[in-house]
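Asks: According to my numbering, the sequence shown is numbered sequentially starting from 34. Quick reminder that beta carbons are idealized off the backbone N, C-alpha and C, glycines included. Fair warning: this is a prediction, and the values are worked out from it, not measured in the lab. I have a structure I would like to understand better, so I am pasting it below and will then ask my questions one at a time.
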Amino acid sequence: RNYKTLKTAAFVRHVDHVMSLLRSLRTSLQHAHSAPHWRASQYCRLYHNSQLSNHASPLIHRSTPSTTKLLTSTTLSNASQSRRMYHNGGYQFSSPYQFVHPLSYAQQHGPIEVHSTTIICVRKDDEIVMCGDGQMTIGTVVAKPNGRKLRKLNNSKAICGFAGAAADGIALVDLLEKKLSERDELRRACVETSRMWRTDKILRHLNAILIVADEKATYQLTGSGELVESDTGIMAIGSGGNFAEAAARALMDRDDLTADDIAAKAMRIAGDMCIYTNHNTMKFKIKRGEGVVEDT
34 RNYKTLKTAA FVRHVDHVMS LLRSLRTSLQ HAHSAPHWRA SQYCRLYHNS
84 QLSNHASPLI HRSTPSTTKL LTSTTLSNAS QSRRMYHNGG YQFSSPYQFV
134 HPLSYAQQHG PIEVHSTTII CVRKDDEIVM CGDGQMTIGT VVAKPNGRKL
184 RKLNNSKAIC GFAGAAADGI ALVDLLEKKL SERDELRRAC VETSRMWRTD
234 KILRHLNAIL IVADEKATYQ LTGSGELVES DTGIMAIGSG GNFAEAAARA
284 LMDRDDLTAD DIAAKAMRIA GDMCIYTNHN TMKFKIKRGE GVVEDT
């Protein structure tokens, strides 16, 4: 009688163990249907001797070599394959027993190339007008609607605007102002700034674009060594720069419009088309022989 009782108890424990396995398999299949990108070969269950842990997650890290088993239809024949890196779309696996959840935010390699602003400079007759919008963004969020992206240089003899990261643009404008105070010539100061920007191991990581203008010429500086001088009298940078420059070129032939009018209309068009540009504009105006005569 004792033998039969023990045999019946062992049979019951065996049945409970089999039912636990079936429940575990059903849970894994339910997860597979709810997350179609996760394959069955990535589902793991944690075993504690003869019974399953009810709190074990189907996606777990391997705790010990003997307490984790892989529920899969295809087993790995070679043990060295478990040390390889598996890539499945956006998910990475350092072993078939380990699942690493994907990052919520995309990883960015290198500087961001989109300069979210609009700066335009228009030269017509004896006037040089530079306008910039005031929208400052952090990612896709508007952080400030009335930022100042234009600065006066060399005792109000030159004006400068930047597009890109705010701290990087301010640092580059300060560097340009320092070179301009040493050279007292805008062209040579731009060449020196562009050279240092490209060759210095710290400055080369600054992410911005500059537009500089005085009574003689307008220049565009980038971190890759380009120093471009405008030959049409119009130059624009930023995410809305192409819209503003195209509008300004179309209005340049009209004799009834001044440089101030052309820049204002171009900025309005860029603000309507570019999501990173608003209508809170800032303006500097230079007249030949007088320097900066308007700051609004």
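From the DSSP output, in three-state form, read off I203 for me.
Replies: Start at 1 with the first residue of the sequence shown, and residue 203 comes out as number 170. In this structure, I203 counts as helix in the three-state DSSP scheme.
Asks: Quick one: what does DSSP say M52 is sitting in, helix, strand or coil?
Replies: In the sequence shown, the residue the question calls residue 52 occupies position 19. M52 falls in the helix class under three-state DSSP.
Asks: When you compare each of G273, I295, S272, D289 to T283 by their alpha carbons, which one comes out closest?
Replies: Numbered from its first residue, the sequence shown carries residue 283 at position 250. Here residue 283 turns out to be Ala, not Thr, going by the sequence shown. Checking every option, the nearest Cα to that of A283 belongs to I295.
Asks: With burial defined as no fewer than 16 other Cβ atoms inside 10 Å of the residue's Cβ, what is the status of Q168: buried or exposed?
Replies: As a working mapping, residue 168 is identified with position 135 in the sequence shown. Buried is the call here.
Asks: Would you call the CB atoms of E210 and T291 closer than 8 Å?
Replies: Translated into the one-based positions of the sequence shown, residue 210 becomes position 177. Translated into the one-based positions of the sequence shown, residue 291 becomes position 258. Not a contact, by the Cβ cut-off of 8 Å.
Asks: Assuming A222 contacts K212 under a Cβ cut-off of 8 Å, what Cβ separation, rounded to an integer in Å, is found between them?
Replies: One-based indexing of the sequence shown puts residue 222 at position 189. One-based indexing of the sequence shown puts residue 212 at position 179. Sure, about 4 Å apart at Cβ, within 8 Å.
Asks: Are there 16 or more other CB atoms within 10 angstroms of the CB of N311, so buried, or fewer, so exposed?
Replies: Your numbering for residue 311 matches position 278 in the sequence shown. Buried, since its Cβ has 16 or more Cβ neighbours within 10 Å.
Asks: Assign D52 to one of two classes, buried (16 or more other C-beta atoms within 10 Å of its C-beta) or exposed (fewer than that).
Replies: By 1-based counting over the sequence shown, the position of residue 52 is 19. The residue you asked about is not Asp; residue 52 is Met in the sequence shown. Exposed: under 16 other Cβ atoms inside 10 Å.
Asks: Between which two residues does the alpha helix (DSSP H) containing A292 stretch?
Replies: Numbered from its first residue, the sequence shown carries residue 292 at position 259. Run containing A292: 292-306, per the alpha helix (DSSP H) assignment.
Asks: Can you tell me whether G322 is buried or exposed? The criterion is at least 16 other CB atoms within 10 Å of its CB, across all chains shown.
Replies: Taking the first residue of the sequence shown as position 1, residue 322 is located at position 289. Its Cβ having fewer than 16 others within 10 Å, G322 is exposed.
Asks: Where do the N-terminal and C-terminal ends of the alpha helix (DSSP H) with R228 fall, by residue?
Replies: In the sequence shown, residue 228 corresponds to position 195, counting from 1. R228 -> alpha helix (DSSP H) spans 219-232.
Asks: Helix, strand or coil: which one does DSSP assign to Q253?
Replies: By one-based count along the sequence shown, residue 253 stands at place 220. Looking at Q253 - three-state DSSP - the assignment turns out to be strand.
Asks: Would you identify the three-state DSSP class for A198, choosing helix, strand or coil?
Replies: Working through the sequence shown from its first residue, we reach residue 198 at position 165. Looking at A198 - three-state DSSP - the assignment turns out to be coil, as it is neither helix nor strand.
Asks: Under a three-way DSSP split, which group does R156 fall into?
Replies: Residue 156 sits at position 123 when you count from the first residue of the sequence shown. Strand.
Asks: Does DSSP put T170 in a helix, a strand or coil?
Replies: The count along the sequence shown starts at 1 and reaches residue 170 at position 137. In this structure, T170 counts as strand in the three-state DSSP scheme.
Asks: So, is D177 buried or exposed, given that buried needs 16 or more other C-beta atoms within 10 angstroms?
Replies: For this step, residue 177 is matched to residue 144 along the sequence shown. Per the sequence shown, residue 177 should be read as Lys rather than Asp. K177 should be labelled exposed.
Asks: Figure out for me which residue from Q63, H47, I152, L58 has the closest Cα to the Cα of N313.
Replies: Indexing the sequence shown from 1 puts residue 313 at position 280. Measuring C-alpha to C-alpha distances from N313 to each of Q63, H47, I152, L58 identifies I152 as the nearest.
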